[in-house]
Each structure stands twice: as C-alpha cells, then as structure tokens.
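Numbering (full-length UniProt numbering), first residue to last: 1 to 544.
Structure first, then comments.
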RNA sequence: GCCCUCGUAGCUCAGGGGAUAGAGCAACCGCCUCCUAAGCGGUUGGUCCCAGGUUCGAAUCCUGGCGAGGGCGCCA
C-alpha cells in the first residue's frame, strides 16, 4: 500500500512538477498536511506565491482524498484529509499485522555493539551501546533486513598476561570467581604490575606465551572468558536485550586473520613502514593508522580491519554499523578510509559509526560513583529499581538513553526518568496499560470491537487516527537515520494524543456504533504503542 | 597547535530552509458521583551563544569569533 502523504504528493507533483515536500501540519488549524511548494515556485514563475498556490489548488485532483485545500499565510497549501479517508487509513493500520511498518528490507546489516571487556564488569558506556544497538537491531529486523549482531568483546591483549600471572602468583582457583571477583583480581594485578618489576617482566613473558598458544596459559585465559561470559549473560538477561552467545565475536576471533590482513595491506601498497611501525597514511587524517606496532604486536586498528573484512567477505554485509562512543569517531572514520583504500570495504557496502555521547552526572561531568570510580551497570540498575518496579525502572533507563539525540552527552537523572508524567518511558507504558484495561473491560462487558474504524467525529479521534498512519514512516526513518529518538518522540506524541482522547471521548459509555469504532481505534493505538515500545526494547505491561 | 561534536525557556531536551520557535520538569490556577488523576486543561517563562554572509524567507546553510566537551603514531 502506498501511504497517504505519498498519494497526496504525487497528485500535487502532477501539477507542480516538483516534490511538494508535504509535511505534517505545524498547527491543528492548518489541517493535516502543509506544503510550501508555491513559495518555492513563485520565484521561477515570477508570480506571487498565493497566486501560484491558488492555481495548484485548483488544478490538483484531490477531491477523493481531501477536503477542499486552503491557501494560507504567505502561500502555504493546507490539506485536510476527508474523515472517511482517514478512517480507512486507520483501519489499515489496525488490520495490518505489522501496524503499517513496511517489511521489504532485504539487506544484511551487521551491527557491532555492547562490546564489554573480559574480567571487567559492564559500565554505563556499555549500557548505551547495548541499548542503542538492541533498538537498531529490532528496528532493522522489523523493516525486513537480516541483522547480524556482533558483540566485539575485549577478550585479547596485553592485560591477559598480567591477569594470568597474577592468578598463578596467588595460586587462585579461577573457576570460583564471579565477574566482580575477576575485576578485583584485575585491580590487584594492576597494582602488582606497577609495583614489582619482576612481576611486570613475567607478565610480558606471559603475553608471549598466550600468543604462542601455551596450553596452561590458554586454559586460564579460557576460564577468565567463561566467568566473564556468565556475567555478561546475566547483564543481558537483566536488561532484556536480544544478544546471545551466538552473537559473540571477540577480538581474539580475528587473531588468525591478522597476518593475512597485514599481507594484503602491504601487497596493495597501502601500508608502509614508518618509525619502525607498519602504518597506513590516508588523506584527510593528521595521523597515520598503526597496524603493527614497533614491537611487532598488532594494534587494535588491525583487529578492526580484520573484523570489517570478515563482515564483508564472510557475513556478506550490505551495511555495517558500529555503535561505539562518539570519542572514537576519528578512529572509525580512519578505519573505514583505510579499508576502502585496501579494498576490504567495497564502495557499495556502507559503513557507519553510530557515535553516542557520554552519560553525565548531575554535576555535568562524566558519571562516576561517589568515590570517583566508574559507574557499574549493575549499580545503576539497582538504583533505578529502588525507585520503581523492574519493568518500569528498565523502561525509564532505556527511554532516557534513547529519547535524546545520540551524539549529545546526556545527564543521567534517575528521579526524573522514572516519573510517569512527562516525556518518559513509564508515561508511554501507562498509556498502553490504560488502553489494555479499557479493552479488558469492554470484553468483560460484552461490547463488540468493530473490525474497522468507522467514526471519527471528534478532533481527538482524528488526531489519533492521523498519528497512527505515521507509525510506519517513522520506523523507516529510524532505520535510515539511525536516530531512535525520533521513534521516542512519535510514541510520546501518540501517548499524549491518547490521553486527550481518553479525557474527551468516552468509549464504554458511548452509543453502540461509536463505541465499537472507538474500541477499534483504541486497539490500533494499543498495538502501535506495544510494537513501538518493543522496537525500543521496552516492555509494555498490560497492567500498572 | 590541528581536527570533530555541541551551544534553543530557570532545568532537561525536541525542532536542522518556511506561518506566531515547541514539549516536559519546576512555579501558579483549574478539573475526579465519570473507562487508571501514574491523567487533562490553562497561566507565567525565549536577544534560538555573538557577529557577518547567502536567501523572497535562517534557530536551521556558509564564514569568523566565544564557550563547553572529545580526539590527535605504537592503550583498547
């Protein structure tokens, strides 16, 4: 089905020859849609905008869709849909199992997100990556794309020499540790490393042993991974995100690819030796990318290149998304540029860094615990659950994370985000729960729900119906722009319109045909709210 | 020093060429014999950081400042 604005646009474009750039009306008195096409045409036609608008209005064939259009202000064309057309469009949303979200996607989209570090608890930064990545996964899947999540966990690197050495020094049974225990071990190893030169040397040796495949070392390393994964699983379960072990693709999985990546970089002439390191210079970047360090070890850029190459060659990605903090913008732009240059990233494959801002405390600085430590994910969720029941607390945290522009830092204010008034997750849940209650009562009282929306006499009903028809295009927009806050804004607007409808339009006490139609409208709104919240990764309880 | 991002109401944020710049919070005033008042309506509150430029039209695009944050060859 083609959407209403598309149909309207085509009719107008048949007259104007250019896209009328139809937009939702900025104010109710301007109808449902507005176009500035006459203002833009006025110049080329050399006639007053209002005159142009009048001609467009007279010539456009809109009678079966709209009330007679109005020319307003400096030359805007305001369109108001006919009630029967609006009712039909709302019915389509009601009867469509996807509530108007077009599912024809067809791309393979790899999304890199979450990426916690082994032997460390997840912190607020991982929270953002995980929540945003989860939302994008859900949205792109709903649009019919094949989404391949990749959890690029930090399971390799120099720190493991230190950790293994510390375990051996303490004679520790790793199997008895949990993730918090591993993190304490990490701290002890760090202190030990700084204070004891002999230990530091042994740790460096241990890195070599690990890389060369020493059995004992590998066995301990695997144990560290196992306890970390248990911790990650628990965190994902608590967060209610879709990530599973099948999505794990840590840094270590690319170890075997690194020599080949380097060889290809050298063969293509992209990489050169500079100051002892193998680097790639790319135009537009003030520093080269270090692929192999002077000491022969690989930098993290090498791993990122290998991962990107794998995603293109083996996972057959059409689009690759990196949900990583905005501070890494330079790094990823450089990785993409190098990958293009080296031929790992063909022109037709899109690579996009979905950068997000930092989580700030009420002081406007990076969120920290009272003693200045990093804020743990678990502590943060604990604090939220002190203020609200679990599904509501989670909704509060997730919605706060998704409802602002991603690139901006945002202030983490638990007391504000758990409020049920205002632009919060719980407010959306409340709107949904209210509808569920209403529909339950209707069923209990034996009121039939009309299979279609038949009556839209009240402005509040029309507003709701019009909003319903926009759901699909909003989801499409999020899939393109990768800006979840647009879906948040939409759902907030829908919830607000529902509250107004709820105040102004009695449902159960209306006469029969109005009641049946309103129940249909309510069902459609409930479905869109539930589906929209699900796309955000937020539960929609039926009672609150 | 160079590069990137951000700057909108007291606070938290939308809006990113188009009509009188919008929400929420806070403050104040109303509304429950009525489907969840966890709600709704109203009032107060703005030099859209500053200065130029482009345009019929700029919060929005361009240039230059100022302010805040982040990044800039061997950590990941």
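We put the beta carbon where it would ideally sit given N, CA and C, even for glycine.
Since this is a predicted model, take the numbers as computed values, not measurements.
Identity of the residue in the options nearest residue i by Cα
i           : options               : result
residue 498 : 287, 461 and 405      : 461
residue 560 : 49, 264 and 487       : Past the edges of the chain, shown from 1 to 544, lies residue 560, and the structure says nothing about it.
residue 125 : 374, 247 and 275      : 374
residue 472 : 256, 200, 212 and 142 : 142
residue 550 : 160, 138, 196 and 194 : Only positions 1 to 544 of the chain appear in this structure, which leaves residue 550 out of reach.
residue 19  : 185, 27, 8 and 25     : 8
residue 275 : 283, 267, 290 and 268 : 290
residue 286 : 477, 314 and 330      : 330
residue 565 : 313, 17, 33 and 419   : Nothing about residue 565 can be read from this structure; the chain reaches only from 1 to 544.
residue 122 : 387, 378, 480 and 525 : 378
residue 301 : 268, 315 and 257      : 257
residue 195 : 162, 341 and 226      : 162
residue 26  : 78, 198, 283 and 62   : 78
residue 418 : 397, 411 and 313      : 397
residue 225 : 525, 517, 249 and 429 : 249
DSSP bridge partner residues for residue i (one or two, in chain order)
i           : result
residue 352 : 321
residue 186 : None; residue 186 has no bridge partner.
residue 271 : 280
residue 72  : 76
residue 24  : 33
residue 265 : Looking at the DSSP assignment, residue 265 forms no beta bridge with any residue, so it has no partner.
residue 39  : BP columns for residue 39 are empty, so no partner.
residue 81  : 66
C-beta atoms of residue i and residue j nearer than 8 Å
i           : j           : result
residue 357 : residue 395 : no
residue 149 : residue 232 : no
residue 164 : residue 217 : yes
residue 534 : residue 323 : no
residue 279 : residue 132 : no
residue 335 : residue 292 : no
residue 13  : residue 36  : no
residue 106 : residue 144 : yes
residue 468 : residue 514 : no
residue 52  : residue 38  : yes
residue 506 : residue 402 : no
residue 380 : residue 442 : no
residue 321 : residue 109 : yes
residue 436 : residue 542 : yes
residue 521 : residue 445 : no
residue 342 : residue 270 : yes
residue 229 : residue 245 : yes
residue 532 : residue 491 : yes
residue 303 : residue 251 : yes
residue 337 : residue 308 : no
residue 344 : residue 305 : yes
Alpha-carbon spacing of residue i relative to residue j, whole angstroms
i           : j           : result
residue 453 : residue 502 : 16 Å
residue 179 : residue 152 : 18 Å
residue 156 : residue 264 : 23 Å
residue 495 : residue 432 : 8 Å
residue 465 : residue 59  : 28 Å
residue 211 : residue 295 : 14 Å
residue 448 : residue 96  : 19 Å
residue 166 : residue 189 : 6 Å
residue 500 : residue 66  : 25 Å
residue 237 : residue 130 : 12 Å
residue 56  : residue 350 : 40 Å
residue 1   : residue 93  : Annotation note: pLDDT 44 at residue 1 (below 50); position unreliable, coordinate value reported separately. Their Cα atoms are separated by approximately 11 Å.
residue 198 : residue 205 : 11 Å
residue 326 : residue 333 : 11 Å
residue 488 : residue 399 : 8 Å
residue 409 : residue 539 : 25 Å
residue 158 : residue 235 : 25 Å
residue 347 : residue 254 : 23 Å
residue 318 : residue 242 : 21 Å
residue 221 : residue 171 : 15 Å
residue 5   : residue 455 : 21 Å
residue 311 : residue 392 : 36 Å
residue 412 : residue 422 : 16 Å
residue 524 : residue 493 : 15 Å
Contact test: residue i Cβ vs the ligand GDP heavy atom, cutoff 7 Å
i           : result
residue 210 : As far as ligands go, the structure on display features none, and thus does not contain the ligand GDP.
Unbroken stretches of the beta strand (DSSP E), 3 residues or longer, contained in the UniProt domain "DALR anticodon binding" (428 to 544)
Those beta strand (DSSP E) runs which fall completely within the UniProt domain "DALR anticodon binding" (428 to 544) and span 3+ residues do not exist here.
In chain order, what are the residue ranges of uninterrupted beta strand (DSSP E) at least 3 long that sit wholly in the region 278 to 311?
Here the runs fully enclosed are 289 to 292.
To test your reading of the DSSP string, which unbroken beta strand (DSSP E) runs of 3 or more residues are found completely within the region 347 to 424?
Whole beta strand (DSSP E) segments, 3+ residues: 350 to 356.
Complete runs of the alpha helix (DSSP H) confined to the region 106 to 189 [at least 4 residues]:
Within the region 106 to 189, the complete alpha helix (DSSP H) runs of at least 4 residues fall at 124 to 142 and 159 to 170.
Entirely enclosed alpha helix (DSSP H) segments - the region 206 to 260, minimum 4 residues:
Whole alpha helix (DSSP H) segments, 4+ residues: 215 to 239.
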